[in-house]
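I have placed the structure first, in the form of structure tokens, so that the comments after it can refer back to it.
Numbering (the numbering used here), first residue to last: 520 to 930.
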């Protein structure tokens, strides 16, 4: 038996056993007279034309959803049956379509066959490349018919439209909270599970979402990219800036539907609404007292531990140590007392300032080392000894153990 060499289509990734079948697949003699799209068979053209006619003859008997192609219906029915016949042999993840499995396997292989000609970014699917290219072209072909907002993908438009319809199809089975996106539900569920997979490499603080980590990292770097155009105050996130700007406009967009009281933050409104409902979902496991919010419970538990509390008079955040409160208040004042004399960057904490200075000190140390070596090369002192452990300079305590350094400092 001869081993057959697989032939891959560079357009769709489909694999063929013979070059002749690949060639036949790539020939597209059937043209759509409405949009010009081409197909390999009359059958595929006929299915495509149903997009223009709106015909969907294949209906799901369970939910009534209709499709233009029987294969789409067959795949859809697996949502109801739970069938996922295509499994990844590396991680065990299962899929309803073989094409989905093939795309998934590229995560393991690292294969990204679809490259952007403008920025060299590569993607696992042609569709993801197409969506990415709209960043360069500025194309946003999907318009919301209610507010006119435009999007690069149909799925983004669909998610946006839930703002208008109020639809929140992804519900938490633990607390009932619902979301417009599955990704938002998954992030929320980490509150219940306690999972915090995104950790700060500088201080070890962990977060439920990568976006929260990115905002947190700006505390260490000192970056505040969002500036108020009225007072010049800068913030680590667009959301913090938006909330701050309400202080200039006087806007309070979050209204209580029971008493009409308005708030600048959704979290403040939620806290307030508990006063009407009387709901106290957070119980103290030591004395049984119930509280409206988790922060109120946390504050109360300090009493059992015999800890003093220090409140911020501007936002109400509570601290167990006075120096923590003092550091926190710099957020409100905008004061950044630790200034780097080399690059001008400023910091709220001495510890962050010291971490920042490490690269500068290392650069200065390296400069001293190079200068020391240069002087030794010029003087060429005959009594210079090179030990196996490396050269130790008279001014520099760093040991240089690379071959190039030994050669530089020896006769």
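No residue lacks a Cβ here, since even glycine has one placed at the ideal position from N, Cα and C.
Quantities reported herein were computed from a predicted structural model and do not represent experimental measurements.
Simplified DSSP state of residue i, which is helix, strand or coil
{"i": "residue 645", "result": "helix"}
{"i": "residue 578", "result": "strand"}
{"i": "residue 526", "result": "strand"}
{"i": "residue 804", "result": "coil"}
{"i": "residue 697", "result": "strand"}
{"i": "residue 809", "result": "strand"}
{"i": "residue 664", "result": "coil"}
{"i": "residue 896", "result": "Interpretation of residue 896 is limited by its pLDDT of 42, a score under 50 that renders its predicted location unreliable; the figure taken from the coordinates is listed afterwards. In the structure shown, residue 896 sits in a helix (DSSP, three-state: H, G or I)."}
{"i": "residue 836", "result": "coil"}
{"i": "residue 552", "result": "coil"}
{"i": "residue 830", "result": "strand"}
{"i": "residue 904", "result": "For residue 904, the predicted structure reports a pLDDT of 36, less than 50, and the residue's modelled location is therefore unreliable. A value from the coordinates is still provided. Coil, per DSSP."}
{"i": "residue 909", "result": "For residue 909, the predicted structure reports a pLDDT of 40, less than 50, and the residue's modelled location is therefore unreliable. A value from the coordinates is still provided. It is coil, neither helix nor strand."}
{"i": "residue 890", "result": "Because residue 890 carries a pLDDT of 49, less than 50, the predicted location of this residue cannot be relied on, and the following value inherits that uncertainty. Residue 890 falls in the helix class under three-state DSSP."}
{"i": "residue 539", "result": "helix"}
Selection from the options that minimises the alpha carbon distance to residue i
{"i": "residue 674", "options": "537, 595, 646 and 655", "result": "646"}
{"i": "residue 554", "options": "568, 742 and 723", "result": "568"}
{"i": "residue 792", "options": "722, 774, 751 and 875", "result": "774"}
{"i": "residue 580", "options": "600, 741 and 573", "result": "600"}
{"i": "residue 754", "options": "763, 743 and 748", "result": "743"}
{"i": "residue 779", "options": "795, 655 and 689", "result": "795"}
{"i": "residue 659", "options": "682, 671 and 788", "result": "671"}
{"i": "residue 722", "options": "525, 582, 740 and 702", "result": "740"}
{"i": "residue 547", "options": "733, 865 and 558", "result": "558"}
{"i": "residue 758", "options": "543, 680, 745 and 736", "result": "745"}
{"i": "residue 838", "options": "854, 852, 817 and 872", "result": "817"}
Presumed contact (8 Å Cβ cut-off) between residue i and residue j, rounded CB distance
{"i": "residue 620", "j": "residue 607", "result": "6 Å"}
{"i": "residue 801", "j": "residue 812", "result": "7 Å"}
{"i": "residue 781", "j": "residue 771", "result": "3 Å"}
{"i": "residue 584", "j": "residue 595", "result": "6 Å"}
{"i": "residue 640", "j": "residue 651", "result": "6 Å"}
{"i": "residue 605", "j": "residue 616", "result": "7 Å"}
{"i": "residue 836", "j": "residue 821", "result": "Not a contact, Cβ separation roughly 13 Å."}
{"i": "residue 549", "j": "residue 535", "result": "Not really, about 19 Å apart at Cβ, beyond 8 Å."}
Per DSSP, the bridge partner or partners of residue i
{"i": "residue 673", "result": "None, per the DSSP bridge assignment."}
{"i": "residue 720", "result": "Paired residue(s): none; residue 720 is not in a bridge."}
{"i": "residue 781", "result": "774"}
{"i": "residue 872", "result": "According to DSSP, which records beta bridges pairwise, residue 872 is partnered with nothing at all."}
{"i": "residue 858", "result": "865"}
{"i": "residue 534", "result": "527"}
{"i": "residue 639", "result": "Residue 639 is not bridged to any residue."}
{"i": "residue 689", "result": "698"}
{"i": "residue 633", "result": "642"}
Check: residue i C-beta below 7 Å from any heavy atom of the ligand MG
{"i": "residue 617", "result": "Looking for the ligand MG in the displayed structure turns up nothing, as the structure carries no ligands at all."}
Closer than 8 Å to chain D by CB, residue i
{"i": "residue 614", "result": "Of the protein chains in the structure, only one exists, and it is not chain D."}
>> So within the segment 728-773, which uninterrupted alpha helix (DSSP H) runs reach at least 4 residues, ignoring any that extend past its ends?
In response: 729-740 and 757-768
> Where in the segment 555-629 do unbroken runs of the beta strand (DSSP E), each at least 3 residues long, occur, reported from the N-terminal end onward?
Replying inline: Fully enclosed beta strand (DSSP E) runs of 3 or longer: not present.
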